[in-house]
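Peer 1: Using the working numbering, the first residue of the sequence shown is number 62, and each one after it goes up by one.
Think of the CB as a built atom: it goes at the ideal place given N, C-alpha and C, for glycine as much as any other residue.
Predicted, not measured: the structure shown is a model, and the values here were computed from it.
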Amino acid sequence: MALTIPDISLNDGTTIPQLGFGVFQIEPKDTVAAVTTALKAGYRHIDTAEMYGNEAEVGEAIRVSGLDRGDVYVTSKLNNGFHRPDDARKAFDSTLAALKMDYIDLFLIHWPLPTLYDGGFVSTWKVLEEFQRDGRARSIGVSNFQVPHLRRLADEASVVPAVNQIEAHPYFGNDEVRAYGREHDIRTEAWSPIAQGNVLDDPTVVDIAEQLGRTPAQVVLRWHVQRDDIIFPKSITPKRIEENTRIFDFELDDATMERITALDKGEAGRQGPNPDTFAYVPR
């Protein structure tokens, strides 16, 4: 039976597949094979970034798949080194060139970098608004933006981000940012949805998985789905790539959802850097 992945409506009138395939930390030499496997398994949403170094390979896998370009939803993100407006324009051109596409479905500011560029992420955002106006980015959004960053955009810019891609998983629910998104029609995308694998050995998750006859990853991904998160787990293992699609044929009851949500450790559960202080720029 063909895989059916729900679409999530965005605030700009477009839709995005709720489940995608992420290529963070997949080596370029392995990316074509991994994306090809994902597309064969039924994924139609690929999440990459200039800083991942594998945009070209993502584009190649889509081209050789035999699928129409319009059937695959592609996200990429602005490199941290190119926040100044003219640099952002050149970087976006480079992303389209690497993918060999004339538009991208979703383009994000990868990190707000509030301690760099004189905190000028609003000027960067206004350049993304240009890309949406000229049609080369169907949707635009942000990644790793905290509530104060989102409020600045609301005060100083004219377009509300379609999505905010943030760290979110059972150990770090990131609920304040998610709540702001709900209130302002900004969809939450959860990166590191299984806490870089660290949550998969959690006794609560293992117990639930055993009760349901599911893998721990399927249980956690299903938790995300029922929270209305957009997710894109990453793997280079064909079996796991396929297993991660089988999350739409079962449900977690309220008590089970609450058990997983209760694993939240607050800030101590964060696996990645804090966006308020993160200042990495590739050299």
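1. Just the C-alpha distance for residue 81 and residue 282, rounded to the nearest angstrom, thanks.
2. State the start and end residues of the unbroken alpha helix (DSSP H) segment that holds residue 287.
3. Considering Cα atoms alone, identify which of 268, 200, 234 and 117 is closest to residue 247.
4. Helix, strand or coil, according to DSSP, for residue 295 in the structure here?
5. Mind checking who residue 83 pairs with in its DSSP beta bridge?
6. Could you tell me which of 314, 96 and 316 sits nearest to residue 119, measuring between CA atoms?
7. Three or more beta-carbon pairs under 8 Å between the stretch 313-332 and the stretch 224-235, yes or no?
8. What residue from 103, 180 and 151 has the CA that sits closest to residue 211's CA?
9. On the three-state DSSP scale, how would you describe residue 169?
10. Report the CB separation of residue 336 from residue 172 in whole angstroms; it is logged as a contact under 8 Å.
11. To the nearest whole angstrom, what separates the beta carbons of residue 304 and residue 265, a pair I think is in contact under 8 Å?
12. Note down the Cα distance separating residue 153 from residue 139, rounded to an integer number of angstroms.
13. Check whether the stretch 247-256 and the stretch 208-223 are in contact - that is, three or more C-beta pairs closer than 8 Å.
14. What residue from 299, 307, 166 and 134 has the CA that sits closest to residue 92's CA?
15. Which of the three DSSP states, helix, strand or coil, is assigned to residue 341?
16. Between which residues of its own chain and residue 150 is the CB-CB distance below 8 Å, once the five residues before and five after are set aside?
17. Looking only at DSSP bridge pairs, what is residue 68 linked to?
18. Please give me, in chain order, every unbroken run of the alpha helix (DSSP H) with length at least 4 that falls completely inside the stretch 128-188.
19. Excluding sequence positions up to five away, which residues of its chain have a Cβ less than 6 Å from the Cβ of residue 64?
20. Using the three-state DSSP reduction, which class does residue 230 fall into: helix, strand or coil?
Peer 2: Let me lay it out:
1. 11 Å
2. 277-287
3. 200
4. coil
5. 108
6. 96
7. yes
8. 180
9. strand
10. 6 Å
11. At roughly 20 Å, the Cβ-Cβ gap does not stay under 8 Å, so residue 304 and residue 265 are not in contact.
12. 7 Å
13. yes
14. 299
15. coil
16. 188 and 191
17. 78
18. 146-160
19. 103 and 306
20. strand
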